[in-house]
Amino acid sequence: MATPVFELKNINYHFGTKQVLDNINIKIYKGDFLAIVGPNGAGKSTLLKVMLGLLPLQTGEMFIDGIKYQRRASDLKISYVSQKASAFNAGFPASVKEVVLSGLTKQKHLFQWFNKKDVQKVKDILKRLNIEALFHKNIAELSGGQQQRVLIARALISNPSVLILDEPTNGIDAKHVSEFYDTLEQLKKEGVTIILVTHDIGVVVDTATQVACLNKHLHFHGSAKAFKSLDQVEISKIYGYPVKFVDHQHERECCK
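Structure follows, in structure tokens:
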């Protein structure tokens, strides 16, 4: 039987007296595309940060590639795009080229410089995301949506085996959201394990293979097909407010 890329056992997390995660058990396998959905304040970002080691384990256990996590770096190539990745201050002294190149830093030895092949990788990944025209731009001069796409390029340039994204389409216009989901679908076909926190249930319907519906408790974890079959009343109970699906060309999105 295959070993999960991530396995969480009995994970609980508190901020002071507030319990954010309650007894979370989940397995994520190589090549899965897991969409984590749920209302604001449901603990989705907290769960990602626990998985990434950005927050310490309080109770429970985590295994990465079958090895118990003990705050040591994993051999997995993991790239992460955070929810606030696009918050660059005015005057931030870096070009798009430099920001995306920084995604290769871990692959370089001490004092090893970037070369022409590395620069070509930047051009290729920017082209893949349809933002090659931004190559020489200063990152601070871009819109929030453009900055977010640059940070996605930075995450992808190292060819990660696991890609973790927290609300990556915030501030991105509809056309480029559609292109971004197409890119994720291609990465899924290439065997990349994708973990995506999203409010956009359209990605669940069209692209994800697995869904985790979280609201402090893990109310649902299964296939996207099984999630689609849930009664809307049942989903509304999880979210705590009425939820309906709205169809449009590329995706469906869940909204109040």
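Just so you know, full-length UniProt numbering puts 20 at position 20 of the sequence shown, and the rest follows in order with no gaps. Beta carbons are placed, not taken as given, at the ideal position from N, Cα and C, and that holds for glycine.
| Item | Value |
| --- | --- |
| Where G144 sits in the DSSP three-state scheme | helix |
| Own chain residues within Cβ distance below 7 Å of P39, not counting five before or after | N215, Y239, G240 |
| Q249, DSSP secondary structure in three states | Reliability of the predicted coordinates at Q249 is poor, the pLDDT of 44 falling under 50, and no value is obtained from them. |
| Nearest-angstrom Cα separation, counted from I195 out to I36 | 7 Å |
| Outcome for G222 when other beta-carbon atoms lying within 10 angstroms are tallied against a minimum of 16 | exposed |
| Buried or exposed by the 16-neighbour rule on C-beta atoms within 10 Å, applied to T198 | buried |
| Beta-bridge pairing of H219 - partner residues as DSSP gives them | DSSP lists no partner for H219. |
| Buried/exposed call for K97, threshold 16 Cβ in 10 Å | buried |
| Contacting residues, own chain, Cβ-Cβ under 8 Å from I172 (five flanking each side not counted) | G145, Q148, R149, F180 |
| Residues near K68 in its chain [Cβ-Cβ closer than 8 Å; skip 5 each side] | E61, M62 |
| Residues near T105 by beta carbon distance below 6 Å, same chain, minus five either side | none |
| Short Cβ contact (8 Å threshold) for V162 with I26 | no |
| Beta-carbon proximity of T193 to G31, cut-off 8 Å | yes |
| Distance CB(N10)-CB(T59) smaller than 8 Å | yes |
| Burial state of K256, where buried means 16 or more other Cβ atoms lie within 10 Å | Only weak support is given to the placement of K256: the predicted model assigns it a pLDDT of 41, under 50, and the question is left unresolved by the model. |
| Endpoints, the alpha helix (DSSP H) within which T46 is located | 44-52 |
| Supposed close pair F114, L101 - CB separation, criterion 8 Å | 5 Å |
| Residues that DSSP places opposite T183 in a beta bridge | The partner list for T183 (beta bridge, DSSP) is empty, contrary to what the question assumes. |
| Which listed residue (L187, I24, H136, A42) has its alpha carbon closest to that of A155 | L187 |
| Residues that DSSP places opposite D166 in a beta bridge | V197 |
| Helix, strand or coil at L76 according to DSSP, with G and I counted as helix | coil |
| Residue interval of the alpha helix (DSSP H) (run including I28) | First-last for I28: 18-28, but that is the beta strand (DSSP E), not the alpha helix (DSSP H). |
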